[in-house]
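Following: one structure in structure tokens, then a few remarks.
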Amino acid sequence: MSETVSLRPWVAGDATRLAALANDPSIWNRMRDSFPHPFTEADAHAQISQSQVSAVVTSRAILLGDDIVGCITLERRDDVRKHSALLSYWIGAEYRGRGIATRAIKAMTRVAFEDLALHRVYAKVHATNAASTRALENAGYLHEGTFRDAVLKNGVLQDQVLYAMVSSS
Numbered sequence: 047m048s049e050t051v052s053l054r055p056w057v058a059g060d061a062t063r064l065a066a067l068a069n070d071p072s073i074w075n076r077m078r079d080s081f082p083h084p085f086t087e088a089d090a091h092a093q094i095s096q097s098q099v100s101a102v103v104t105s106r107a108i109l110l111g112d113d114i115v116g117c118i119t120l121e122r123r124d125d126v127r128k129h130s131a132l133l134s135y136w137i138g139a140e141y142r143g144r145g146i147a148t149r150a151i152k153a154m155t156r157v158a159f160e161d162l163a164l165h166r167v168y169a170k171v172h173a174t175n176a177a178s179t180r181a182l183e184n185a186g187y188l189h190e191g192t193f194r195d196a197v198l199k200n201g202v203l204q205d206q207v208l209y210a211m212v213s214s215s
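Under this note's numbering, the residues of the sequence shown are numbered 47 to 215, in order.
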């Protein structure tokens, strides 16, 4: 656990690395269908451009030392849910199982509470994604419920689990 995990905003020069990591069916299989697959360098440029101008989405590169190893995003809600954000994240296959997701979740949750003044951060995860639920639990998120047959991915209905954390302030 001596490896330093940090977050930083995406820059245009990250597109090649982002595309190389994100163009992985194991990532796409755990994401919403709006996540492109194949994930091209054009998709990476579009995602980076959007992350630089969006007032709703806060997206960060996950770094291990100086290397980009994944992505983490907060999507702020509106109207009566304006105090909340949906958390999503992924880690490149070769970097999984090292606690990186847990540390990135903790760091992004601090951004949500301290920098964005949000009160609630939540994640919706495919129930079959045990590594992701474990990362959320290790980051201090609580299981709030299970939505039966809520996700249709690759023609298969799956349960979805909801995890959340609220600010102590």
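All C-beta atoms, glycine included, are put in the ideal place defined by N, C-alpha and C.
Looking at the secondary structure, which residues open and close the beta strand (DSSP E) in which residue i lies?
i	result
Glu-121	113-122
Ala-107	103-110
Leu-162	Here Leu-162 belongs to no beta strand (DSSP E), and DSSP marks it neither H nor E.
Ser-52	51-55
His-91	Run containing His-91: none in the beta strand (DSSP E); it sits in the alpha helix (DSSP H), 87-99.
Gly-201	From DSSP, Gly-201 is part of no beta strand (DSSP E); its letter is neither H nor E.
How many angstroms separate the CA atom of residue i from the CA atom of residue j?
i	j	result
Met-47	Arg-144	With a pLDDT of 46 at Met-47, under the threshold of 50, the modelled position of that residue is not reliable, and no figure is offered here.
Ala-65	Ser-105	15 Å
Ser-213	Arg-156	9 Å
Gly-191	Leu-208	5 Å
Pro-71	Met-77	10 Å
Val-167	Ser-100	18 Å
Gly-116	Tyr-141	9 Å
Asp-113	Leu-164	29 Å
Trp-74	Tyr-187	23 Å
Gln-98	Val-197	30 Å
Trp-136	Thr-119	9 Å
Met-154	Ala-181	13 Å
Gln-206	His-172	5 Å
His-91	Arg-122	22 Å
Phe-81	Glu-183	24 Å
Under the DSSP definition of a beta bridge, which residues are partnered with residue i?
i	result
Ile-151	None, per the DSSP bridge assignment.
Lys-170	Leu-208
Trp-136	Cys-117
Measuring alpha carbon to alpha carbon, tell me which of the options ends up nearest residue i.
i	options	result
Ala-88	Ile-73, Val-103, Ala-68, Ser-100	Ala-68
His-189	Asp-113, Asp-79, Ser-178	Ser-178
Asp-60	Thr-50, Asp-79, Leu-109	Leu-109
Asp-125	Ser-52, Ala-107, Ile-137, Val-102	Val-102
Met-211	Ala-150, Arg-180, Ala-176, Phe-159	Phe-159
Please confirm whether residue i has its beta-carbon closer than 8 Å to some beta-carbon of chain C.
i	result
Asp-125	Absent from the structure: chain C. Only one protein chain is present.
Specify, as a first and last residue, the run of the alpha helix (DSSP H) that residue i falls within.
i	result
Asp-70	It is not in any alpha helix (DSSP H) - Asp-70 carries neither H nor E in the DSSP assignment.
Arg-180	176-184
On the three-pair Cβ rule with 8 Å, is the stretch 126-135 touching the stretch 48-61?
-> no
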